[in-house]
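Report on one structure; see the data block that follows.
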Amino acid sequence: MATDTLKSTTGASGLRRLLLDNGALTALIVLVVAMSALSGDFLTTDNLLNVGVQAAVTAILAFGVTFVIVSAGIDLSVGSVAALSATVLAWSATSQGMPVVLAVLLAIATGIACGLVNGFLISYGKLPPFIATLALLSVARGLSLVISQGSPIAFPSSISHLGDTLGGWLPVPVLVMVGMGLITAFVLGRTYIGRAMYAIGGNEEAARLSGLRVKKQKLAIYAFSGLFAAAAGIVLAARLSSAQPQAAQGYELDAIAAVVIGGASLAGGTGKASGTLIGALILAVLRNGLNLLSVSAFWQQVVIGVVIALAVLLDTVRRKAGATPVAAGTGGNKGRQAATYVLAAVVAAAIVGATSLLHGGSSDAGKSQKIGLSLSTLNNPFFVSIRAGAQAEAKKLGVDLTVTDAQNDASQQANQLQNFTSEGLGTIIVNAVDSDAVTPAAKAVNKAGIPLVAVDRAVNNADTAALVASDNVAGGKLAAKDLAEKLGGKGKIVVLQGQAGTSASRERGAGFTEGLKAYPGIEVVAKQPADWDRTKGLDVMTNLLQAHPDIDGVFAENDEMALGAIKALGSKAGKSVQVIGFDGTEDGLNAVKAGTLYASVAQQPSELGRIAVRNAVKVAEGGKVEKSVMVPVKVVTKENVADFAG
835 MATDTLKSTT GASGLRRLLL DNGALTALIV LVVAMSALSG DFLTTDNLLN VGVQAAVTAI
895 LAFGVTFVIV SAGIDLSVGS VAALSATVLA WSATSQGMPV VLAVLLAIAT GIACGLVNGF
955 LISYGKLPPF IATLALLSVA RGLSLVISQG SPIAFPSSIS HLGDTLGGWL PVPVLVMVGM
1015 GLITAFVLGR TYIGRAMYAI GGNEEAARLS GLRVKKQKLA IYAFSGLFAA AAGIVLAARL
1075 SSAQPQAAQG YELDAIAAVV IGGASLAGGT GKASGTLIGA LILAVLRNGL NLLSVSAFWQ
1135 QVVIGVVIAL AVLLDTVRRK AGATPVAAGT GGNKGRQAAT YVLAAVVAAA IVGATSLLHG
1195 GSSDAGKSQK IGLSLSTLNN PFFVSIRAGA QAEAKKLGVD LTVTDAQNDA SQQANQLQNF
1255 TSEGLGTIIV NAVDSDAVTP AAKAVNKAGI PLVAVDRAVN NADTAALVAS DNVAGGKLAA
1315 KDLAEKLGGK GKIVVLQGQA GTSASRERGA GFTEGLKAYP GIEVVAKQPA DWDRTKGLDV
1375 MTNLLQAHPD IDGVFAENDE MALGAIKALG SKAGKSVQVI GFDGTEDGLN AVKAGTLYAS
1435 VAQQPSELGR IAVRNAVKVA EGGKVEKSVM VPVKVVTKEN VADFAG
């Protein structure tokens, strides 16, 4: 029966065999040594704990996915199931007043139920695992948005402690990760269902003929995956102090990557808990180290993709080298495996200890001249302009500016703020993905004594030295006023919303709704999210025109969605249908000049970046700054676009 340990059947050298059988561990050691050599900030207690915290959610998800991959399956739904479970917990404990214990049980039951649905579709519905779990990915995410109405839900304080530390230094997420890892190891190595997983993954037909009830076993396997996804969602939401309906997007790919990097085969039959943990740590060390080295988030994706490809290549090499599985329960290799881990730890500690001498005291050097900027996304021209303005001002003032991209992921932004804190920067600037979700990480920055400057979006319930922003609510009101007056006070309009749950979308939408109250003749016939994206703006607008071909106006909560709407409207744009956007991006202003976009509520993003850096430098040097610096918004139309300088 296939197990998670491999035994060489060839005469390969001991060293070559050791490296092949422990490729992930070797890679982790090399990474730790390399990052220690390249960054003096990597090998600190705080930063190593950060790595553990940042690996926790991925590792917990990956432990559940390990069961599936060992049995030759795949589960693409775990990220969405994690978000749904956390949303159910927060909703039931707050909106429904359910006792926290029952809410937690309901969240766990939600995860298990999702896993059972996957298992049923695969075992009895005969759907390929890829299709079944892909379908549930969409269903679970949609249910999360339906329950939350697209907005984050505050997490119960008693559960939020899962994101805290014990004794002021030991992170609870790390303890949960270790606990779930031990459960995974026990299930795989000591239980009947664990042995069944290896048997099914090794040869499903042989397992069936030998008497295993494969269909029922698969139900249990996917239920395990759902259970672990629910646990990961609870830990993630606890870290953010809120259940985010859009949380954990793309985490299923990280989880699968961690399992594969850890030595499991997508063909099934091999995999182990320790390997999965090492795989998750490799991803966390990569992201943490690349952040510390100021490597672009775009290049980080390239590096991680290469690592995954190399992991699969190693698995292929290992198989060609003649590795064969050992029967379950064999104890001969366990002592050798433990000795390998101990030896690896000793070697790594020795090399890292020697390397750290190269960086003695480096983390404090030039502290006041180092600034970190965490942007919510760089996949949007508005935030690219903020970065450009910030970099120009940093160059002018002669300071070192590190820019990171949170990719609209509140958890990733929390990780970036943790990394900045470990570096001991003079000041940290944050453009929050969500004003509430960033609070725990912002409080950690406060605790470290590092000044925090917010740009474009506020940070709630934390101390910020300054907020440099435009008033999104006021901008929404201006958009409503100008669009309504352009339509003569009456007509039908649609609203294209930003990504559900983000504070910018809520504020702009609230301002627009408030502004329309003065114009009762204006009817909003539809509101749909297009996630700040031009392509989605095109698709959503095209669909809405099928149901509402007689609309007179469109309000898009950013210029990218407005430009997509213009494309869908074709010749109607700027003539029979007036479109107004938000942000004042270069493409948006060009559309205003062309007359296809009636107006854009311009925020001067470059100016936001410049002022944020200017304030960050001043506060790092002990100077006083205004608590709130509001950069005026302005409605730019064809009449005044030539005079506008963003």
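Residue 835 is where the sequence shown starts when you use my numbering, and the numbers rise one by one after that. Note that beta-carbon positions come from the ideal geometry of N, C-alpha and C, so glycine has one too.
Asked                                                                                                                 : Found
Closest by C-alpha distance to residue 1362, when choosing among 1383, 1389, 1286, 1014                               : 1389
Three-state class that DSSP yields for residue 1211 in the structure shown                                            : coil
Ranges of the alpha helix (DSSP H) found wholly within the region 1245-1295, counting only runs of at least 4         : 1273-1281
Per-residue burial, residue 1242 [other beta carbons within 10 Å of its own, 16 or more giving buried]                : buried
Residue of 1098, 1332, 1476 minimising C-alpha distance to residue 1394                                               : 1332
Residue burial classification, residue 1228 (beta-carbon count within 10 angstroms, cutoff 16)                        : buried
Helix, strand or coil at residue 1052 [DSSP, three-state]                                                             : helix
Complete runs of the alpha helix (DSSP H) confined to the region 1319-1387 [at least 4 residues]                      : 1337-1350, 1368-1381
Three-way DSSP call (helix, strand, coil) for residue 1470 in this model                                              : strand
Inter-residue spacing [alpha-carbon to alpha-carbon] between residue 1464 and residue 862                             : 46 Å
Residue 1086 burial status per 10 Å Cβ neighbour count (16 or more: buried)                                           : buried
Cβ-Cβ distance between residue 1383 and residue 1216 below 7 Å                                                        : no
Alpha-carbon to alpha-carbon, residue 1307 and residue 1343                                                           : 8 Å
One or two residues paired with residue 1000 in a DSSP bridge                                                         : 1004
6 Å Cβ shell around residue 1204 - same chain, five flanking residues per side excluded                               : 1234, 1259, 1260
Reduced DSSP category for residue 880 - H, G, I as helix; E, B as strand; rest coil                                   : helix
For residue 1098, the three-state DSSP class (helix, strand or coil)                                                  : coil
Whether residue 1408 touches residue 1430 by CB criterion (7 Å)                                                       : yes
Alpha-carbon to alpha-carbon, residue 1105 and residue 908                                                            : 13 Å
Residues near residue 1109 by beta carbon distance below 7 Å, same chain, minus five either side                      : 858, 1096, 1097, 1098
Residue 1078 versus 1348, 1271, 1359, residue with shortest Cα-Cα distance                                            : 1271
Residue environment, residue 1329, which counts as buried when at least 16 other CB atoms sit within 10 Å             : buried
Local Cβ density within 10 Å of residue 1470, reported as buried at 16 or more and exposed below that                 : buried
Spatially closest choice to residue 1401 from 1373, 1386, 1424, 1392, by CA coordinates                               : 1373
Inter-residue Cα distance where the pair is residue 1360 and residue 1378                                             : 8 Å
Below-7 Å beta-carbon distance, residue 863 vs any chain B residue                                                    : No chain B appears in this structure, which consists of one protein chain only.
Whole-angstrom C-beta distance between residue 1313 and residue 1565, which should lie under 8 Å                      : The structure shown has nothing for residue 1565, since the chain only spans 835 to 1480.
Inter-residue spacing [alpha-carbon to alpha-carbon] between residue 1003 and residue 881                             : 11 Å
Exposure of residue 1468, with buried meaning 16 or more beta-carbon neighbours within 10 Å                           : buried
Cβ neighbours of residue 1138 in the same chain (closer than 7 Å, five flanking residues each side left out)          : 1117, 1120
Minimum length 4: unbroken alpha helix (DSSP H) runs contained in the region 1419-1459                                : 1420-1428, 1439-1454
Integer-rounded CB distance, given that residue 891 should sit under 8 Å from residue 1499                            : For residue 1499 there is no data in the structure shown, the boundaries of the chain being 835 and 1480.
Anticipated Cβ contact below 8 Å, residue 816 with residue 1130, distance rounded                                     : The structure shown does not extend to residue 816, since the chain spans only 835 to 1480, so no value can be given for it.
Start and end residues, alpha helix (DSSP H) containing residue 1104                                                  : No alpha helix (DSSP H) contains residue 1104, which DSSP labels as neither H nor E.
Alpha-carbon spacing of residue 963 relative to residue 1457, whole angstroms                                         : 59 Å
Own chain partners of residue 1277 with C-beta closer than 7 Å, once the 5 adjacent residues on each side are dropped : 1296
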